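Before any comments, here is the structure.
In my numbering, the protein residues as written are 23 to 168.
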């Protein structure tokens with residue numbers, strides 16, 4: 023796998039954003055634990071932790087996009103976009119194949135818990151936020167170039 027090289031400013035920003043997202047994750051998990059101890063359960067255990075992780079990942083990726091620290095200087099944005107689309111299509115195909123295998127060969131039905139639909143909504147919101155940040159950054163970058 024080719025190593026993407028970042029310049030010093032990008033490395034510094036990525037380290038800063040990583041630290042900020044780690045602190046955010048720690049605070050959110052602590053708040054969730056306090057709320058759980060007080061008897062307020064907003065979602066079952068593995069799902070709430072996963073949603074908290076998605077919030078932290080979304081923050082990190084959005085900050086990296088906004089601070090020009092997501093793509094190295096040698097990597098073209100068009101190539102990065104093509105890679106991202108290819109990976110997303112591959113992930114969706116694997117998810118569909120896995121679900122089809124589980125439903126047809128194991129006679130297992132998809133979960134009827136509300137957690138599954140909540141995860142779908144949270145993942146959709148995460149990708150929408152990342153997409154909006156990317157579009158705003160591109161539009162803003164194009165206006166400054168003109």
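Each residue gets a CB set at the ideal place from its N, CA and C atoms; glycine is no exception. Predicted model only: the values in this text are computed from it and were never measured.
Legend entry - Presumed contact (8 Å Cβ cut-off) between residue 41 and residue 89, rounded CB distance: That pair is no contact at about 13 Å.
Inset, instruction - Out of 81, 140, 92, 45, point me to the one whose CA is closest to residue 65's CA. - result: 140
Inset, instruction - Determine the direct distance from the alpha carbon of residue 44 to that of residue 114, and round the result to whole angstroms. - result: 28 Å
Legend entry - Residue from 71, 75, 104, 93 with nearest C-alpha to residue 32: 93
Inset, instruction - Give the range of the alpha helix (DSSP H) segment to which residue 48 is assigned. - result: 30-59
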